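J.: I have a structure here, written as structure tokens, and I will follow up with some questions on it.
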Amino acid sequence: MNTKQVCFNALIVFILVLFLSSSELLAAQIKLEIVSQRSSPIRIEKYETDFKVLEAKSCGAVVHQIRYKNLSKAEIVEAVQFGIISYDVFNGFQNRAGAISTEELMPGMSKKGTWYNDYDESFMFGYGYVFVVKVKYADGRIWEFNRDDVAENILKTFPYFNPAAMTDKDFRFLPER
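If you want it as structure tokens, here you go:
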């Protein structure tokens with residue numbers, strides 16, 4: 135290899151290391167929180183996010199992935215609604231969304247769902263809070279969350295939280311992908 139080729143290869147390696155380091159730093163800045171709910175019949179086991187560029191819409195989307203479990207020993211769940219509250223990297227309110235799954239979930243079983251939340255400022259996503267809002271059982275009964283408990287738990291880790299962000303007004307409902 136000649137000197138130019140060696141320098142070029144070294145430059146490429148340097149750029150890749152720099153890019154990967156900055157990607158890891160950006161990922162480290164994102165904070166995700168599963169809001170604990172004592173009475174919920176569904177337990178959120180894992181919450182992850184990613185960012186995806188949507189060329190057709192010329193914007194991006196925050197991709198929310200939630201793994202959850204039906205804690206019941208005998209109750210079949212027909213539908214689950216998760217609440218997702220997003221803040222930007224500057225602690226500013228960004229978005230509230232309802233991620234809905236209508237796949238049947240048998241007692242004791244877990245499932246993973248994916249929802250895309252596309253909005254203009256999605257590239258500034260910094261904080262995500264997820265909680266169970268509603269559960270519909272196969273017999274038609276509905277379980278609903280306690281707003282005060284959820285708000286209290288979010289405030290423990292995020293002092294900028296405004297409980298008004300949990301109202302149904304302007305809630306964006308996301309279909310499962």
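Taking the working numbering, the leading residue of the sequence shown gets 135, the next gets one more, and so forth. Yeah, the Cβ is synthetic: ideal placement off N, Cα and C, and Gly gets one too. In this text the structure is predicted, and so the values were computed from the model without any measurement.
(1) Going by Cα to Cα distance, which pick from Pro293, Val267, Asn251 is closest to Asp184?
(2) Within its chain, find whatever has a CB closer than 7 angstroms to the CB of Cys291; leave out the 5 residues flanking it on each side and keep chain order.
(3) Out of Glu278, Glu182, Ile200, Ala233, point me to the one whose CA is closest to Ser244's CA.
(4) Look up Arg281 in the DSSP assignment and say whether it is helix, strand or coil.
(5) What residues in its chain sit with their C-beta under 6 angstroms from that of Arg258, if we drop five residues either side in the sequence?
(6) Across which residues does DSSP place Tyr253 in a beta bridge pair?
(7) Among the residues of its own chain, which have a CB less than 6 angstroms from the CB of Leu289, if the five just before and after it don't count?
(8) With Val269 as the anchor, note down where its beta strand (DSSP E) starts and where it stops.
(9) What's the call for Met240, buried or exposed, on a 16-neighbour Cβ count within 10 Å?
T.: This is what the structure holds:
(1) Here residue 184 refers to the residue found at position 50 of the sequence shown. When only C-alpha atoms are compared, the closest one is Asn251.
(2) Along the sequence shown, one-based indexing puts residue 291 at 157. For the record, residue 291 in the displayed sequence is Thr; it is not Cys. Result list for Thr291: Glu167, in chain order.
(3) For the purposes of this step, residue 244 is identified with residue 110 of the sequence shown, where counting begins at 1. For Ser244, the closest of Glu278, Glu182, Ile200, Ala233 by C-alpha to C-alpha distance is Ile200.
(4) Position 147 of the sequence shown, counted from the start, is the residue given in the question as residue 281. In this structure, Arg281 counts as helix in the three-state DSSP scheme.
(5) Taking the first residue of the sequence shown as position 1, residue 258 is located at position 124. As written in the sequence, residue 258 is Met, which differs from the Arg given in the question. Counting only Cβ-Cβ distances below 6 angstroms, and skipping sequence neighbours, we find Asp222, Val223.
(6) For the purposes of this step, residue 253 is taken as residue 119 along the sequence shown, with counting starting at 1. In the DSSP output, where bridge partners are listed per residue, Tyr253 has none listed.
(7) In the sequence shown, counting from the first residue as 1, residue 289 sits at position 155. Within its own chain, the residues whose Cβ lies closer than 6 angstroms to the Cβ of Leu289, once the five positions on either side in sequence are excluded, are Phe295, listed in chain order.
(8) As a first step, residue 269 is located in the sequence shown; it is residue number 135 there, counting from the start. Its beta strand (DSSP E) spans residues 259 to 271.
(9) Here the question's residue 240 lines up with position 106 in the sequence shown. Per the 10 Å Cβ criterion, exposed.
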